[in-house]
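Residue 828 is where the sequence shown starts when you use our numbering, and the numbers rise one by one after that.
What follows is one structure encoded as structure tokens, with my remarks underneath.
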Amino acid sequence: MNKKIVLTLLLVSVCSLSACGKDDIGSLDDSVIINEGSLSDSAEQETSAESLQTKAGGYVVTEVPTTTTTITTATDELGNIIAETVPVEQAPEVPTPETPVPETPSETVTETPAPSVIDYTPSTAAAGTPASTAVLPADAPTQYDYNYGPAPTVYNIPGIKYIDNVLIANKSYSLPADFYPDLDQTCLSQFYKLQNDAAAVGLNICLSSGFRSYETQDYIYNDYVARDGQEKADTYSARPGHSEHQSGLAIDVNQIDDTFIGTPEAIWLEAHCYEYGFIIRYPQSKQDITGYKYESWHIRYVGTDMSYKIHSKAIEMGDPYLTLEEYFGIDSYYH
Ligand SMILES: [Zn+2]
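See the structure below:
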């Protein structure tokens, strides 16, 4: 099954999933309207898995430590793949050869539980406040409240960056190519609550794009690069491995372009999404910080505890467009 056919299947799948109807699907060329989470086509799943192996080592910056070398693979600004092999410092030789050095079985790597929380606080952090100092506001919903949304699943997978249990996927932090969690079910159920409450006030907010695999993002991104060039494509489309959609925690709603800005739905979404555990991930006037232009349609699920903390911090700082990068004091650019 070639990629174009796969994408066509994905698009058809979303048309049936969307609550907005065909009119809201809009331009398929410009909009990414995909929800692989709705797929049940096992042939497609197999194709994805098969292709992922060939895609691994593409745009993701990976460091694969071995006993003797570290292989670093990356792309430069022009998109060329740079692969270099950097020797790792050799451990000092043990002068007593009779002392047995037990070999570490490779299984140990997987048996060693990876930390579920990586408290990453870069020394270069210039903005924001580490979440550990943020206080859950008194008006945050508790588990007994209707709109309470628990924190999403934390995966104990090396290579995924978490800060205070919040998965970070941006230009600085990528996801493993084979990370395929599908759309998070808590995220989806919270979205339905948001959607229902919006409908109760006469607004139509629908899911246009949810989970996207590394492979799909690879195809989409390269399509944009071919059309607009890499520099422009990087302002609105993530390189494979860097898309928040691959985390299963991001949803694009309604029309995925600037025509959504300023609509009653967009205004309501921006004002209320935190009540369900979401944040506007790429707010206006923060392109230099998030690395992406304003995306009024892209919401990210973090759970209500975190969304209320971020919201209250935003109020405290007098910045309604406080970003995840500022909140955690991290950056977002291709290193
Ligand atoms: Zn999006």
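Every residue gets a Cβ at the ideal spot worked out from N, C-alpha and C, and that includes glycine.
Predicted model only: the values in this text are computed from it and were never measured.
Nearest-angstrom Cα distance between residue 1121 and residue 1108?
Taking the first residue of the sequence shown as 1, we reach residue 1121 at position 294. Taking the first residue of the sequence shown as 1, we reach residue 1108 at position 281. Approximately 9 Å, taken between the alpha carbons.
Decide if residue 862 is buried, meaning its Cβ has at least 16 other Cβ atoms within 10 Å, or exposed.
Here residue 862 is taken as the residue at index 35 of the sequence shown, counted from 1. Low per-residue confidence applies at residue 862: pLDDT is 45, beneath 50, and the placement is therefore not dependable, though the value from the model is reported in the following sentence. Label assigned to residue 862: buried.
Neighbourhood of residue 1054 by C-beta, 8 Å cutoff - its chain only, sequence neighbours within 5 removed
Start at 1 with the first residue of the sequence shown, and residue 1054 comes out as number 227. The answer, listed in chain order, is 1060.
For residue 1039, name the three-state secondary structure that DSSP assigns.
By one-based count along the sequence shown, residue 1039 stands at place 212. Coil, per DSSP.
Quick check on residue 1068: buried or exposed, where buried means 16 or more other Cβ atoms within 10 Å of its Cβ?
Sequence index remark: in the sequence shown, residue 1068 carries index 241 (1-based). Buried is the call here.
Closest Cβ-Cβ distance between residue 1024 and chain C: below 8 Å?
Included in the structure is just one protein chain, with no chain C present.
Okay, do the segment 1147-1158 and the segment 990-1008 touch, 3+ Cβ pairs below 8 Å being the bar?
yes
Let me know the secondary structure DSSP gives residue 993 once reduced to three states.
Here residue 993 refers to the residue found at position 166 when the sequence shown is read from its first residue. Three-state DSSP puts residue 993 in a strand.
In its own chain, which residues sit with a C-beta less than 7 Å from the C-beta of residue 1130, not counting the 5 before and 5 after it?
Your numbering for residue 1130 matches position 303 in the sequence shown. Counting only Cβ-Cβ distances below 7 Å, and skipping sequence neighbours, we find 976, 977, 978, 979 and 1104.
Following a CB-centred definition, is residue 1125 positioned closer than 7 Å to any heavy atom of ligand 3?
Although ligand 3 was asked about, the structure shown includes only ligand 1 as ligands.
What I want to know is whether the C-beta of residue 1092 ends up closer than 7 Å to one or more non-hydrogen atoms of ligand 1.
The sequence position of residue 1092 within the sequence shown is 265, counting from 1. Residue 1092: no, Cβ never under 7 Å from ligand 1.
Endpoints, the alpha helix (DSSP H) within which residue 1058 is located
Within the sequence shown, residue 1058 is the residue found at index 231, counting from 1. Residue 1058 -> alpha helix (DSSP H) spans 1057-1063.
For residue 1066, the three-state DSSP class (helix, strand or coil):
Looking up residue 1066 in the sequence shown gives position 239. Three-state DSSP puts residue 1066 in coil, outside helix and strand.
Which value, in whole angstroms, describes the spacing of the CA atoms of residue 1157 and residue 1010?
As a first step, residue 1157 must be located in the sequence shown, where it is residue number 330. As a first step, residue 1010 must be located in the sequence shown, where it is residue number 183. Answer to the nearest angstrom: the Cα atoms are 25 Å apart.
So what's residue 1126 in DSSP terms, helix, strand or just coil?
As a working mapping, residue 1126 is identified with position 299 in the sequence shown. Three-state DSSP puts residue 1126 in a strand.
Between 1066, 965 and 1095, which has its C-alpha nearest residue 1161's C-alpha?
In the sequence shown, counting from the first residue as 1, residue 1161 sits at position 334. When each option's Cα is compared against that of residue 1161, the closest is 1066.
Does residue 963 come out as helix, strand or coil in the three-state DSSP assignment?
Taking the first residue of the sequence shown as position 1, residue 963 is located at position 136. In this structure, residue 963 counts as coil in the three-state DSSP scheme.
Alpha-carbon to alpha-carbon, residue 1090 and residue 1142:
As a first step, residue 1142 must be located in the sequence shown, where it is residue number 315. As a first step, residue 1090 must be located in the sequence shown, where it is residue number 263. Their backbone Cα atoms lie some 23 Å apart in a straight line.
Determine the contact status of residue 1135 and residue 967, defining contact as a CB-CB distance below 8 Å.
For the purposes of this step, residue 1135 is taken as residue 308 along the sequence shown, with counting starting at 1. For the purposes of this step, residue 967 is taken as residue 140 along the sequence shown, with counting starting at 1. Yes, the pair counts as a contact, with Cβ atoms nearer than the cut-off.
Are three or more beta carbon pairs between the segment 1015-1031 and the segment 1093-1100 nearer than 8 Å?
yes
Give the DSSP bridge partners of residue 1079, in chain order.
Stepping through the sequence shown from its first residue, residue 1079 is reached at position 252. Beta-bridge pairing links residue 1079 to 1036 and 1125.
Expressed to the nearest angstrom, what Euclidean distance is found between the alpha-carbon atoms of residue 858 and residue 971?
Taking the sequence shown and counting its residues from 1, one reaches residue 858 at position 31. Taking the sequence shown and counting its residues from 1, one reaches residue 971 at position 144. Caution applies to residue 858, whose pLDDT of 39 falls short of 50 and renders its modelled position unreliable; the model cannot decide the point.
Reference residue 1070, options 1026, 1017, 983 and 1127, closest by Cα
Here residue 1070 refers to the residue found at position 243 of the sequence shown. Closest option to residue 1070, Cα to Cα, is 1127.
Would you grab the beta carbon distance between residue 1123 and residue 1088 for me? Rounded to a whole angstrom, and I think it's under 8 Å.
The count along the sequence shown starts at 1 and reaches residue 1123 at position 296. The count along the sequence shown starts at 1 and reaches residue 1088 at position 261. About 5 Å separates the two Cβ atoms, so the contact holds.
Helix, strand or coil, according to DSSP, for residue 1001 in the structure here?
As a first step, residue 1001 must be located in the sequence shown, where it is residue number 174. If DSSP states are grouped into helix, strand and coil, residue 1001 belongs with coil.
Buried versus exposed call for residue 1159 [16 or more other C-beta atoms within 10 Å across all chains shown]
Position 332 of the sequence shown, counting from 1, holds the residue named residue 1159. Buried, since its Cβ has 16 or more Cβ neighbours within 10 Å.
For residue 1145, count neighbouring C-beta atoms within 10 Å of its own C-beta (all shown protein chains included) and say buried if the count is 16 or more, exposed if not.
Start at 1 with the first residue of the sequence shown, and residue 1145 comes out as number 318. Residue 1145 comes out exposed.
From the DSSP output, in three-state form, read off residue 1106 for me.
The count along the sequence shown starts at 1 and reaches residue 1106 at position 279. The answer is strand: DSSP assigns residue 1106 an E or B state.
By DSSP, does residue 988 sit in helix, in strand, or in coil?
Your numbering for residue 988 matches position 161 in the sequence shown. Residue 988 falls in the strand class under three-state DSSP.
Name the residue from 1110, 1085 and 1074 whose alpha carbon lies nearest to the alpha carbon of residue 987.
Within the sequence shown, residue 987 is the residue found at index 160, counting from 1. Of 1110, 1085 and 1074, the residue nearest in Cα terms is 1074.
Flag this pair as yes or no: are the beta carbons of residue 989 and residue 981 separated by less than 8 Å?
Counting from one through the sequence shown, the residue named residue 989 turns up at place 162. Counting from one through the sequence shown, the residue named residue 981 turns up at place 154. Their beta carbons are under 8 Å apart, which means residue 989 touches residue 981 by this criterion.
By how many angstroms is the C-alpha of residue 1037 removed from the C-alpha of residue 1138?
Position 311 of the sequence shown, counted from the start, is the residue given in the question as residue 1138. Position 210 of the sequence shown, counted from the start, is the residue given in the question as residue 1037. If I take the Cα positions, the gap works out to 23 Å.
Quick one: is residue 1102 buried, meaning 16 or more other Cβ sit within 10 Å of its Cβ, or exposed?
Taking the sequence shown and counting its residues from 1, the one referred to as residue 1102 is at position 275. So residue 1102 ends up on the buried side.
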